[in-house]
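Peer 1: Here it is: the structure, laid out below.
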Amino acid sequence: MEDDREGKLSIYRAARSIKRRDNTVYNALRSIYEDTIFVGEISQLWPDLPLIANLRCGLWYSPKFHSTCYFKSTDGHTNNWSFNTSRLNLHKGGCIIVDSTRKGKRFPDSMSKTIPIWTCVLNRAILNYRNKMLDSTLLMNEEVMDYSYCAEDVKLKNHNWDCSLHLPLWVPDTEKAAIEERIEKWTNQLETSGADIASISSCLKKPLRPLWISQKTVIWLNEVPDHNQWDFTPIILVSASSSSDVFRNKTTSEFSWNYIPGAGDDEESWARGLTPTHFWSHVNDLISSGPDLCNQKVADIVEKDRVYRAHRGEYAPQVTVKNPKMAHDVADVCNVELPLASNMHDDDTTLLLSNDYGTTFWIGSTNLAVGTTTHAALMSNVDCILNCDKESVSINLPDSEAHLHLPVVSSKLDRFSLFNNLPAAVKFAKLNLRKAHRLLVCCRSGEDISVCICLAILTSLFDDKGTFDDGRSFSETCITKLEMRRRLVFVCRFAITARPSRGNLKQR
């Protein structure tokens, strides 16, 4: 019995060792580079459609994206389907969305179900809005005979507006039926969330519809249809990687490497601090370096960027990786932090711009803005700054009291960190907003903690129309879950990169 157990552990250790050996930085980057060729070919078939990266995995698969979106696969998991009003992605029209998956599927669940649910709910909300507008217009124009012809034309267009749920063929009929039962509820949630459906309706001439393209899709290049001739607005979903379940060994004239499907996923586990921007700025050097030199190349690139940001007074910690060592027992794994940087010489260092996808977003006319701590140090059009990053940064403001640092950490590290800091954040905001000061709320990403704190400030100090009232509405009314959802949609309408986590939102 003991021998069998030791044999199983030995097999497990060997399998884990092989997986770690195959899942190297070079293998990942080379796999991404190969998959990017396919993404580029697809984007050239419809060059007028903007290329959109589904964060974060999709961002690796092209050097040039028009913008980003955020559709989570978890919202499409079987029996866990969801329409999330905190991730509406309402700034998108017809486009090509790029993502990938490691799981041996042709498409991630974000493409198989999350986005199709989103298109269906949006189409229904738009149709409902247009029907309401038509009914109100007919009531106002009952006595105008000529108007009836125009109304009939609008009715016909509305009748032809496709609100069906379009899912790929591999989704079972039972699962499709279960999703369809929930569509009406999600549509109501969208309509009551305060989303600007009127603007979306005015922009969309044809209903949204997803199409799926993978490396196994057959496309006749001499018969590629013009997307303007379709009777729908296309959301073309491109799964970048091959759907192979296993590592495939490939050989060039110089190197041998293993192909990893969905290599861009879970970048924290393999990228060693490298970002998509770093990668595409040095793609030729990294790909030509080969497996033996790639890690050192990555370390040099990351360290040069860190030095550049440190010289600008930005938060720039030493990047480290964890080196799991095999022990006698499978559970005995030591995490040893290893610095990535090689010996640097300033005289031959080419300094690189850091990878900042976020920027600063002003929330309507509230005098509130959300952004990254990186940009906070460079902002000249704010009067005060509330820094919610766990690390402080050097910020030059004429009044020392115009800057407050609250070291808030993610709910994964401390379930009550944000909650415990909210009173101080709201107090600081109240003191400054009373003086009509422009307040920037920032965190490391500019997408999560800062958004949640901005939402708390809006709820505590503003009325439901977004007007500062010093907390009067908050003290006189009961804020419901629906009202919180409406205000979050209001924030996300302006902060289009906002991605507040569920754990942080629950702390408000």
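Per UniProt numbering, the very first residue in the sequence shown carries number 1; after that it's consecutive.
Glycine included, C-beta positions come from ideal geometry on N, C-alpha and C.
As the structure is a prediction and not an experimental result, all values here were calculated from the model.
Which stretch, first to last residue, makes up the alpha helix (DSSP H) that contains L29?
Peer 2: The residue you call residue 29 lines up with position 29 of the sequence shown. Counting along the chain, the alpha helix (DSSP H) containing L29 begins and ends at V25 to L45.
Peer 1: Can you list the beta strand (DSSP E) stretches of 3 or more residues lying completely in the UniProt domain "Rit1 DUSP-like" (403 to 507), in chain order?
Peer 2: 403 to 405 and 439 to 443
Peer 1: With three or more beta-carbon pairs closer than 8 Å as the criterion, would you say the region 49 to 68 touches the region 285 to 302?
Peer 2: no
Peer 1: Under 8 Å, do R438 and D383 count as touching if we go by C-beta distance?
Peer 2: Numbered from 1 along the sequence shown, position 438 holds the residue referred to as residue 438. Numbered from 1 along the sequence shown, position 383 holds the residue referred to as residue 383. Taking C-beta atoms as the reference points, R438 and D383 count as a pair closer than 8 Å.
Peer 1: Compute the Euclidean distance between the alpha carbons of S214 and R124, then round it to the nearest angstrom.
Peer 2: In the sequence shown, the residue the question calls residue 214 occupies position 214. In the sequence shown, the residue the question calls residue 124 occupies position 124. Going from the Cα of S214 to the Cα of R124 covers about 28 Å.
Peer 1: Does the beta-carbon of S417 have 16 or more other beta-carbons within 10 angstroms, so that it is buried, or is it exposed?
Peer 2: Numbered from 1 along the sequence shown, position 417 holds the residue referred to as residue 417. With 16 or more other Cβ atoms within 10 Å, it is buried.
Peer 1: So, under 8 Å CB-CB, S243 and P261 are touching, yes? Tell me the CB distance rounded to an integer number of Å.
Peer 2: One-based indexing of the sequence shown puts residue 243 at position 243. One-based indexing of the sequence shown puts residue 261 at position 261. That pair is a contact at about 7 Å.
Peer 1: What is the C-beta distance between L440 and A376, in whole angstroms, given that I count them as a contact (C-beta under 8 Å)?
Peer 2: Start at 1 with the first residue of the sequence shown, and residue 440 comes out as number 440. Start at 1 with the first residue of the sequence shown, and residue 376 comes out as number 376. Confirmed, about 6 Å.
Peer 1: May I have the straight-line CA-CA distance separating P210 from L169, to the nearest angstrom?
Peer 2: As a first step, residue 210 must be located in the sequence shown, where it is residue number 210. As a first step, residue 169 must be located in the sequence shown, where it is residue number 169. Rounded to whole angstroms, P210 to L169 spans 12 Å at the Cα level.
Peer 1: Measuring CA to CA, which of S501, F494, H311 and V491 is closest to K412?
Peer 2: Working through the sequence shown from its first residue, we reach residue 412 at position 412. Ranking the options by Cα distance to K412, first place goes to S501.
Peer 1: Could you give the C-beta distance for residue 515 and P50, rounded to a whole number, given that I count them as a contact under 8 Å?
Peer 2: Since the displayed the chain opens at 1 and closes at 508, residue 515 lies outside it and no answer follows.
Peer 1: Taking all protein chains shown into account, do 16 or more other C-beta atoms lie within 10 angstroms of the C-beta of W230, making it buried, or fewer, making it exposed?
Peer 2: One-based indexing of the sequence shown puts residue 230 at position 230. Label assigned to W230: exposed.
Peer 1: Out of I395, C443, N396 and A456, point me to the one whose CA is closest to A425's CA.
Peer 2: If you number the sequence shown from 1, residue 425 lands on position 425. Looking at the Cα atoms, A456 is the closest of the given residues.
Peer 1: Given this structure, state the Cα-to-Cα distance separating A177 from V238, to the nearest angstrom.
Peer 2: Mapped onto the sequence shown, residue 177 falls at position 177. Mapped onto the sequence shown, residue 238 falls at position 238. If you take the alpha carbons of A177 and V238, they lie about 25 Å apart.
Peer 1: One question on the structure: do P207 and W161 come within less than 8 Å of each other, judged by their Cβ atoms?
Peer 2: What you label residue 207 is simply residue 207 of the sequence shown in a count that begins at 1. What you label residue 161 is simply residue 161 of the sequence shown in a count that begins at 1. Yes, the Cβ-Cβ distance between P207 and W161 is below 8 Å.
Peer 1: Alpha carbon to alpha carbon, how far is F494 from L422? Give it in angstroms, no decimals.
Peer 2: The count along the sequence shown starts at 1 and reaches residue 422 at position 422. The count along the sequence shown starts at 1 and reaches residue 494 at position 494. Cα to Cα, the separation comes out at about 22 Å.
Peer 1: Identify whether W212 lies in helix, strand or coil by the three-state DSSP scheme.
Peer 2: Taking the first residue of the sequence shown as 1, we reach residue 212 at position 212. Looking at W212 - three-state DSSP - the assignment turns out to be strand.
Peer 1: Does E223 pass the burial test, meaning 16 or more other C-beta atoms within 10 Å, or should it be called exposed?
Peer 2: Counting from one through the sequence shown, the residue named residue 223 turns up at place 223. Exposed.
Peer 1: When you compare only the Cα positions, how much space is there between D146 and L134?
Peer 2: For the purposes of this step, residue 146 is identified with residue 146 of the sequence shown, where counting begins at 1. For the purposes of this step, residue 134 is identified with residue 134 of the sequence shown, where counting begins at 1. With a pLDDT of 47 at D146, under the threshold of 50, the modelled position of this residue cannot be trusted; read the value that follows with caution. Linking D146 to L134 through their CA atoms gives a straight-line distance of about 15 Å.
Peer 1: In angstroms with no decimal places, state the Cα-to-Cα distance between T372 and T360.
Peer 2: Walking along the sequence shown from the start, residue 372 turns up at place 372. Walking along the sequence shown from the start, residue 360 turns up at place 360. Their Cα atoms are separated by approximately 7 Å.
Peer 1: So, at 8 Å on beta carbons, what are the nonlocal neighbours of F232 in its own chain, with the 5 sequence-adjacent residues on each side left out?
Peer 2: Your numbering for residue 232 matches position 232 in the sequence shown. Only D162, K206, P207, L208 and R209 meet the Cβ criterion.
Peer 1: I'd like to confirm something about T459: is its beta-carbon nearer than 7 Å to some heavy atom of the ligand SAM, or not?
Peer 2: No copy of the ligand SAM appears in this structure; indeed no ligand is present at all.
Peer 1: By how many angstroms is the C-alpha of R415 removed from the C-alpha of E180?
Peer 2: The residue labelled residue 180 in the question sits at position 180 within the sequence shown. The residue labelled residue 415 in the question sits at position 415 within the sequence shown. Computed Cα separation, rounded: 35 Å.
Peer 1: With DSSP run on the structure shown, which of helix, strand or coil describes W280?
Peer 2: The residue labelled residue 280 in the question sits at position 280 within the sequence shown. In the displayed model, W280 falls within a helix according to three-state DSSP.
Peer 1: Can you tell me the Cα-Cα spacing of V489 and F255, whole angstroms?
Peer 2: Here residue 489 refers to the residue found at position 489 of the sequence shown. Here residue 255 refers to the residue found at position 255 of the sequence shown. Approximately 50 Å between the Cα atoms of the pair.
Peer 1: Does the Cβ of A498 have 16 or more other Cβ atoms within 10 Å, making it buried, or fewer, making it exposed?
Peer 2: Taking the sequence shown and counting its residues from 1, the one referred to as residue 498 is at position 498. Under this definition A498 is a buried residue.
Peer 1: Going by DSSP, what residue range makes up the beta strand (DSSP E) through S110?
Peer 2: Residue numbering aside, residue 110 sits at position 110 when the sequence shown is read from its first letter. Per DSSP, S110 belongs to no beta strand (DSSP E) and is neither H nor E.
Peer 1: Contact defined as beta carbons within less than 8 Å: I believe L505 pairs with R487. What is the distance between those atoms, to the nearest angstrom?
Peer 2: As a first step, residue 505 is located in the sequence shown; it is residue number 505 there, counting from the start. As a first step, residue 487 is located in the sequence shown; it is residue number 487 there, counting from the start. At roughly 11 Å, the Cβ-Cβ gap does not stay under 8 Å, so L505 and R487 are not in contact.
Peer 1: How many angstroms separate the CA atom of C388 from the CA atom of G273?
Peer 2: For this step, residue 388 is matched to residue 388 along the sequence shown. For this step, residue 273 is matched to residue 273 along the sequence shown. Going from the Cα of C388 to the Cα of G273 covers about 22 Å.
Peer 1: Are the beta-carbon atoms of V25 and N295 separated by less than 8 Å?
Peer 2: Taking the sequence shown and counting its residues from 1, the one referred to as residue 25 is at position 25. Taking the sequence shown and counting its residues from 1, the one referred to as residue 295 is at position 295. Their beta carbons are under 8 Å apart, which means V25 touches N295 by this criterion.
Peer 1: Note down the Cα distance separating I183 from K304, rounded to an integer number of angstroms.
Peer 2: Taking the first residue of the sequence shown as 1, we reach residue 183 at position 183. Taking the first residue of the sequence shown as 1, we reach residue 304 at position 304. I183 and K304: Cα-Cα distance of roughly 49 Å.
Peer 1: So, under 8 Å CB-CB, N84 and W270 are touching, yes? Tell me the CB distance rounded to an integer number of Å.
Peer 2: Along the sequence shown, one-based indexing puts residue 84 at 84. Along the sequence shown, one-based indexing puts residue 270 at 270. 28 Å between Cβ atoms; not a contact.
Peer 1: Cutting at 7 Å between CB atoms, please list the residues of its own chain near P407, excluding the five before and the five after it.
Peer 2: For the purposes of this step, residue 407 is taken as residue 407 along the sequence shown, with counting starting at 1. Answer for P407: K390, listed in chain order.
Peer 1: Quick check on this structure: which residue in L29, F468 and F462 has the alpha carbon closest to the alpha carbon of I479?
Peer 2: As a position in the sequence shown, residue 479 is number 479, starting the count at 1. The candidate whose alpha carbon is nearest that of I479 is F462.
Peer 1: Measure the Cβ-Cβ separation of K72 and T101 and say whether it is below 8 Å.
Peer 2: Within the sequence shown, numbered from 1, the residue matching residue 72 stands at position 72. Within the sequence shown, numbered from 1, the residue matching residue 101 stands at position 101. Taking 8 Å as the Cβ cut-off, K72 and T101 do not qualify as a contacting pair.
Peer 1: So, V491 versus I363, is the Cβ gap smaller than 8 Å?
Peer 2: Locating residue 491 in the sequence shown gives position 491, where the first residue counts as 1. Locating residue 363 in the sequence shown gives position 363, where the first residue counts as 1. Closer than 8 Å, so yes.
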